[in-house]
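Student: Residue numbers for the sequence shown follow our numbering, so the first one is 292 and each next one is one higher.
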Amino acid sequence: MKKVKKPILLTALLLLIFFVGYYREIFFLVINSVINGEPYPYNVFYIQAPDFLNQLSHSFLITLKWGLTFLFSAVLMLLTILVVQIYFSTQKYFKLVVSIYGLICIVAIVFYAVGLLFNIIESTYPITRYLIGLPQSPLLCFLVFIVVYFKEKVIE
């Protein structure tokens, strides 16, 4: 890749990662305000929830949040893969990035399942929520990048 295009593309990808993370937060806060019955303008972003959200059932909104959780995690994982591949000009870290994102999601699901199984969901849900939030955050992209950079530039 040309030396001029690489920084521009990486900058665009990083801006896209922040954009996706920001809009994910807005979507979830608006959905949470509908679930919790918080009227406009009392949600954090002062965004009035679209009418169709108010017509959906509580259980459907929760299911929607789970679907969006995995969608945003997948999108941010793909963007992280692109950043790592473009910066290091190699595809050898693809499995590492997928493994990190996958491991975090699996550990979160295990904590949630243990909470349900042993009726201690009040104790495990905060951990689950924190863990499942990591793949949906731009922060994980930067942490993964630092790990790969350290492995590539310092260890090897």
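The C-beta atom is built at its ideal place from N, Cα and C for all residues, glycine as well.
No experiment lies behind these values; they were computed from the predicted model shown.
Rounded to a whole number of angstroms, what is the C-alpha to C-alpha distance between Thr360 and Leu305?
Tutor: Roughly 20 Å between the two C-alpha positions.
Student: How many angstroms separate the CA atom of Leu307 from the CA atom of Ala399?
Tutor: Rounded to the nearest angstrom, the two C-alpha atoms are 26 Å apart.
Student: Is it right to say Tyr440 is buried, meaning 16 or more other beta carbons lie within 10 angstroms of its own, or is it exposed?
Tutor: With fewer than 16 other Cβ atoms within 10 Å, it is exposed.
Student: Give the range of the alpha helix (DSSP H) segment to which Asn345 is assigned.
Tutor: Segment 342-345, the alpha helix (DSSP H) holding Asn345.
Student: What number of angstroms, rounded off, separates the C-alpha of Val435 from the C-alpha of Pro298?
Tutor: Each residue's Cα considered, the two are about 19 Å apart.
Student: Out of curiosity, what's the CA-to-CA distance linking His349 and Pro341?
Tutor: Between His349 and Pro341, the C-alpha separation is close to 15 Å.
Student: Do the segment 400-420 and the segment 375-386 make contact, defined as three or more Cβ pairs closer than 8 Å?
Tutor: Flag = no, the segment 400-420 and the segment 375-386 do not touch.
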